[in-house]
Structures are given as C-alpha cells and as structure tokens.
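Working notes for the structure below.
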Amino acid sequence: MKVGFALVLLWSLPITNVLAELPQPQNLTLLTLNTQYVLTWDWDQTTTGNSVTFTVEYMAKYKMKMKMKNWSRVCERTTRTLCDLTGSDLHYLGMYVLRVRASADGVNSHWVNKDFCPDIDASLGPPSRVELAPVGNLLDVTISDPLTSTQHSMKEHVLFLYYRILYWSRSDDPQGLKPKVLDSSNNLVTLPELEAWTWYCVMIQSRYDYYNKTSSYTEPQCMQTEGDTPYGQIFLYFLVSMMVCFLLVLLPSYTFFRFYRVLKNTFYPSIQLPAHIQEYLCDSSPGSDMPRLLTADSEAELCCDKLTICPEVVLLEIHVPPSLTAPPSELEQDSGRHIRQDSGDSGIYSTEGGSAQQGRSGGEPIRRDQEVDSWQTLEQVKMEEMGRESADERDLDEGVVDVCV
Amino acid sequence: MAVLKWLSICLTLFCQGTAASKPCRWTQFRLGKLNDVSINLLSEMGGLFPLMCAEENVEQMFPEDLYKNTEGEDVSVVALEAMRYVEQLYNNSLTSVTWNKTKLNMFQNVIYRQVQNLELCVVGGVWESSGDGGSVTLKTYFNKLNTFLKEKEHSACAWEIVRKEIRENLVQFKKFIDSRVKP
C-alpha cells in the first residue's frame, strides 16, 4: 500500500514538472542598427510543439530597485521569436532591462532578463550617402550622417561620431590593399595631395571611440580628379573664340566701313534737287497747274453740271443782251457761265443785216440740247463763228470756257 | 643602489601624480555630456516656474561657491557624491508632480547611469570622502532639500522649488567640470 502510494508519487512528479514549468527562451540577442533594435531569442520547438507565444517587456533599470515596478509591454503573445523595439521610444542614453517569457496553454515560463543600453550596445551604421566631386586636382567628399529610424542624424545621439576615409588610386592599387587613411568628423572633406587626371576610389566608415563602435564600410566609389587645362585645349578654345569673334564682330564692321559710302549715298544722297523742281514735285496744293493723273480731291471739287450742246442749231448773229431772247429757264441755270460767255461774245456783232431778219435774236447761238463735252464743242462752234465774221475783236478769251465752276 | 632608490621614488611619484591628475574615462568624456542632457531634461520637463507657487518660494538654498571649494578633491569623487544625492532625492514620492513623465524618467535614467559609471571610476566607491569642505556642504545642502520636501509633504510646488534648485546645482556642476576636465 505504502509502496504503491510512493510509486504513484514518483510517477506523478515528472509529469507535474513538465506541466508546471515551461522552458525559458534562450540566448537573448539584440540585432541593432543606429536606433533600430530587434530582440531575438532561441526556442526549442520540439519540447512543446506549436502553440507557444512570447511576451516581451522593458523597464528603465533604475526602477529595478523600487518596490513598485511598472514594466512596459512591447510584444504581447507573439508567435515569432523576435520583437521589434524600435517604436518603443527607448532613449539612446538610457539604461533598460528587457525581459521575455514563453506562454503555452495558460502556463508561463520564467522571465529572462537582459540589460540594454543603446549607447553601449547598439551598433553604428555607415554613412547614409557619399558623394564625390572633383575640385581641380583634389576630391571633395560629401558625407551624409547615418540616420535614425525617424530620419534624423545620428550625431544628435552620438556627439563624437567621426568618419574614417580610406582612399587609393585605382591605377596604382586596383584592389585597394594599401589605402591612405583620413579621419574627420566633418561632413565635407577634401582629400589632399592627389594627382591630376587619376581615378581614385573611396570607402568610408563611421566610428564612435568611447564604446569602440565602428560601422561597416560603404561600397567603394570612384571618381577621376581633374587638373590644369592642357595647353592644347587652351589653344583650341582661343582659336575657336577668335573665329567666332571674327565672324560676329569684325566681318560686319569691315563690310560696313567698306560700303559705308555706297550705303550713305543710297539712303542719304548729298546732291539735292534744285529747290524749284523739288517744290514742283512736292507741291500738292490745288491751285498749281502741275498736271497730274489723279488729284487728291479731284472728285470732291469737281462739280460738273450738265451741258447740253446741240450741234445743228448754229446762229450767225450774236446779240449782246441775252435776257431778251434767251429762254429764261436755260439762262437761269448757269448764270455765272452765261455772263462769261456773253461777255466774251459781246464784242462780236454780226455785220450782216440780213441775218437779223431771221428773228432768232437769241443771244444764245448755242442751245443746250445735248450733254456733250461742252468745252470742246463750244470751242469749235466759236471758231466757226469767228471764221465767218471779222476777226477784229478777238480778244475773246476763247480758250477759257469755264463750264465747270 | 642610491641611484636606483631615487629612481624608484621618482617613478612612483610620477605614476601617482599622473594617476591623480588624469581623471577616468567616464569623467573625461561622458560626464559633461550626460550632465548637459540632464540640465536640458530638467528644463524641458516642466517649463517655467509656475506663478501659483510663487508665494511658497524661498531663497535659493544652493550655495554658489559649493563646487569651488572642492579644489583639492578628485573630480570623479565629487561628481559621484553629487549624482548620488540627486538620485536619492528623486527617490522620494513623485506622485503630485505635473511634469512630463517621459522626460522625468529619462532624467532619472541618466542620473542613474552617471552614478553607475562613476562608481566604476572611483576606486573603492567610498561614500564618505576624505575631504571636508566640499562633501560636507553637499551633504548639508541635500539634507536641507530632503527636509524641505518632507515638510511640504511632497507637494507639487515643493517639487518645483526642488527642480529649480537642482537645475542651478547642475549648472554650477557643469562649470566645475569644464574647469577641471580639459578635453
């Protein structure tokens, strides 16, 4: 009975052991880069199978001594064996304690602690960007600081961050086995004592001496230095600029001066026309008798009345007073003209008495029946009349028959 | 024989001299930087001194020349004492404070780190130092602050006064470090 009881106890002990205690996570390690921190651990899957979850917490180390400890939970019941602490606002200079435990089927393992101080433990990243620029026969290296998870410079946390620059000539040392070293905390460094027109390669690493932190090197970047401009190039530029100057400046100037006289005479001739001819050519007043094809205001000023000429009715006798015989309507039409005509005709008297008998004592030898070119027809008529009679009084202003007023 | 004796004496003195004059790494490179961070955190956690505490305000308790009187002592020892006292002070009840808790925690964290590293620096971690002028004044001063806090029952205004005092303390401490530790 007692033996049996003892045996049962012996059997049960291992079983309860297995049930009561879950193994702890092992080998807590931190994978870090600048301000990114990932806690990982090892877990033996074979012991408990699949449904294991892990919980991760952290706390500032100075609180460990206090009675009231408030741990901050970061990862709750995660199935993976890692936990990202980047977003937990762990201050770079602070000292923290991290802890992990496993849980399965309501049973928790013991906590496993690990001290963590980013200032001491977090590894440093290389510069985020490197740019090379040739400056004469030297090289300017522009280094961008490694960045935190919020894209700020790591120099905010690591005050004495500096860079180690390795550089070598690609032609002398293709593998980069014997590079020259330059340390600087500046972000812009000029590599000294380089040869002109040579390819150089550069690798940079960030360093933090107090805790002996060094980053990995950046990928080698190469750039060729420049140098003084060769004489041939200077001469070529000189020739080209000389030709351009010649084409743009000298040639037009020479042309201008050569043909200056020709141009001057074309546009500003020295020999002027005599004044009266110029006047004649340029005079555009309406009273001048310069013949022109088309006057400016010819249409407006020209005011022609209709003149009817009847060629068949020609009287030999010409009387002075027109008012007695002339048809009043016709007379009144052109009183001005009338006067002129009649005055012209006033000196002419018919010597033939017989013609007076005809009765047509109209002062109007000419009747206006037709619209004709009155000037010419009148002229013809008068000439006929003049020929028939005496030509004594010929101070007629025959040429002027002003039919156009 | 005499030459050897003299030589050994000279060497010993020389080594001791260099050991005494050169501070440990933490004091030389990190103490100042972390002190600056502490001062900034103290300023940032609460802003300006609140008007409502003006009537409870007392004269500054911190003696201006406290650190000047510690000429003969090792910088690390003085630093360790000061940092320890500050740490102890902030172990009092902080429930009534209205400060930014993150910054307050960070401040305490940094002070803790100072203490830890200075302890490694100072050989033996002696609590009671051999000197008298500096450490006694420090002790008296911090006792006064502790008493003051307890009297005011750790009220918010009392803590504001303490914060002002500690900030002034650390600023003087910074001047002390800058004068004693040449980078």
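Residue numbers (UniProt numbering), protein chains in the order written: chain A, 1 to 405; chain B, 1 to 183.
Just so it is clear, CB atoms sit at the ideal spot from N, CA and C, and this is done for glycine as well.
Quiz item: Is B/Thr102 close to chain A, meaning its C-beta is less than 9 Å from at least one C-beta of that chain?
Solution: yes
Self-check item: Neighbour list for B/Arg167 in chain A, Cβ cutoff strictly below 8 Å
Solution: Correct list: empty, because the minimum Cβ distance to chain A is about 18 Å.
Quiz prompt | Contacts that A/Lys67 makes with chain B (C-beta to C-beta distance below 7 Å) | solution = Going along chain B, no residue has its Cβ under 7 Å from A/Lys67, so there is no contact; the nearest lies around 11 Å.
Self-check item: For B/Leu170, three-class secondary structure by DSSP
Solution: Helix.
Self-check item: A/Phe116 vs A/Thr78 beta-carbon contact at 9 Å
Solution: No, the Cβ-Cβ distance between A/Phe116 and A/Thr78 is not below 9 Å.
Quiz item: Which partner residues of A/Asn108 appear in the DSSP bridge assignment?
Solution: A/Ser103
Quiz item: Looking only at C-alpha atoms, which of B/Val3, B/Asn35, B/Arg30 sits nearest to B/Lys175?
Solution: Nearest option by C-alpha distance: B/Asn35.
Exercise. Using three-state DSSP, classify A/Pro252 as helix, strand or coil.
Key: Helix.
Quiz item: Roughly how many angstroms separate the alpha carbons of A/Glu195 and A/His157, rounded to a whole number?
Solution: 38 Å
Quiz item: If you measure from the CB of A/His110, is any heavy atom of the ligand HEM nearer than 8 Å?
Solution: With respect to small molecules bound, the structure shown includes none, and the ligand HEM cannot be examined in it.
Self-check item: Run of the alpha helix (DSSP H) containing A/Met242, from where it starts to where it stops
Solution: 231-245
Exercise. Specify the secondary structure class of A/Asp42 as computed by DSSP and reduced to three states.
Key: If DSSP states are grouped into helix, strand and coil, A/Asp42 belongs with the strands.
Quiz item: Rounded to a whole number of angstroms, what is the C-alpha to C-alpha distance between A/Arg99 and A/Ser51?
Solution: 20 Å
Quiz item: By how many angstroms is the C-alpha of A/Ala102 removed from the C-alpha of A/Val112?
Solution: 10 Å
Exercise. Could you tell me how far apart the beta carbons of B/Ile177 and B/Leu31 are, in whole angstroms, since I believe they sit closer than 8 Å?
Key: Taking a contact as a CB-CB distance under 8 Å, the pair B/Ile177 and B/Leu31 counts as one, their CB atoms being some 6 Å apart.
Quiz item: Among A/Leu139, A/Met154, A/Leu138, which one has its Cα closest to the Cα of A/Asp145?
Solution: A/Met154
Exercise. Since I believe A/Arg164 is in contact with A/Tyr200 (beta carbons under 8 Å), could you give me their beta-carbon distance rounded to a whole number of angstroms?
Key: A/Tyr200 to A/Arg164, Cβ: 16 Å. No contact.
Quiz prompt | As assigned by DSSP and simplified to three states, the class of A/Glu226 | solution = coil
Quiz item: Can you pull the DSSP bridge partners for A/Lys213?
Solution: A/Tyr208
Self-check item: Residue nearest to A/Gln205 in terms of C-alpha spacing, selected from A/Asn137, A/Phe256, A/Asn186, A/Gln233
Solution: Of the listed residues, the one whose Cα sits closest to A/Gln205 is A/Asn186.
Exercise. Kindly list, in the order they appear in chain A, the residues whose Cβ is closer than 7 Å to that of B/Tyr112.
Key: Within chain A, Lys61, Tyr62, Met95 have C-beta atoms less than 7 Å from the C-beta of B/Tyr112, given in sequence order.
Quiz item: Taking just the CA atoms, how far does B/Gln108 sit from B/Tyr90?
Solution: 7 Å
Practice problem: To the nearest angstrom, report how far apart B/Asn143 and B/Tyr85 are at their CA atoms. | Solution: 9 Å
Quiz item: Tell me which same chain residues have a C-beta within less than 8 Å of the C-beta of B/Glu87, skipping the five on either side of it?
Solution: Gln108, Ile111, Tyr112, Val115
Quiz prompt | Euclidean distance between Cα positions of A/Tyr96 and B/Ala2 | solution = Rounded to whole angstroms, A/Tyr96 to B/Ala2 spans 57 Å at the Cα level.
Practice problem: Go to A/Leu133, then tell me how far its beta strand (DSSP E) extends in each direction, as first and last residue. | Solution: Contrary to the premise, residue 133 of chain A reads as Ala rather than Leu in this sequence. 129-135 is the extent of the beta strand (DSSP E) around A/Ala133.
Quiz prompt | Contact check, A/Leu28 vs A/Asn108, beta carbons under 9 Å | solution = Here A/Leu28 is not near A/Asn108, since their CB atoms are 9 Å or more apart.
Quiz item: Can the beta-carbon of A/Leu147 be found less than 9 Å from the beta-carbon of A/Lys213?
Solution: Pairing A/Leu147 with A/Lys213 gives a Cβ-Cβ distance that is not under 9 Å.
Quiz item: Three-state secondary structure (DSSP) at residue 238 of chain B?
Solution: Coverage of chain B is limited to positions 1 through 183, which leaves residue 238 of chain B absent and any answer about it impossible.
Exercise. State yes or no: is the beta carbon of B/Gly131 nearer than 9 Å to at least one beta carbon in chain A?
Key: Per-residue confidence for B/Gly131 stands at a pLDDT of 48, beneath the threshold of 50, marking its modelled position as unreliable; the derived number appears in the next sentence. False, the Cβ-Cβ gap to chain A never drops below 9 Å.
Practice problem: Tell me, please, which residues DSSP counts as bridged to A/Ile165. | Solution: Partner residues in the beta bridge of A/Ile165, as assigned by DSSP, are A/Leu182, A/Ile204.
Quiz prompt | Residues near A/Glu76 by beta carbon distance below 6 Å, same chain, minus five either side | solution = Answer for A/Glu76: Thr55, listed in chain order.
Quiz item: At least one CB of chain B closer than 9 Å to the CB of A/Leu89: is that the case?
Solution: Note that residue 89 of chain A is Asp in the sequence shown, not Leu. Interface residue (Cβ-Cβ distance to chain B less than 9 Å): A/Asp89 is classified as such.
Practice problem: Would you identify the three-state DSSP class for A/Gln358, choosing helix, strand or coil? | Solution: For A/Gln358, the pLDDT reaches just 44, beneath the cut-off of 50, and the residue's location in the model is therefore unreliable, leaving the point undetermined.
Quiz item: Helix or strand or just coil, what does DSSP make of A/Asp140?
Solution: strand
Quiz item: Is it true that the region 152-168 of chain B meets the region 44-59 of chain B, where meeting means three or more beta-carbon pairs spaced less than 8 Å apart?
Solution: yes
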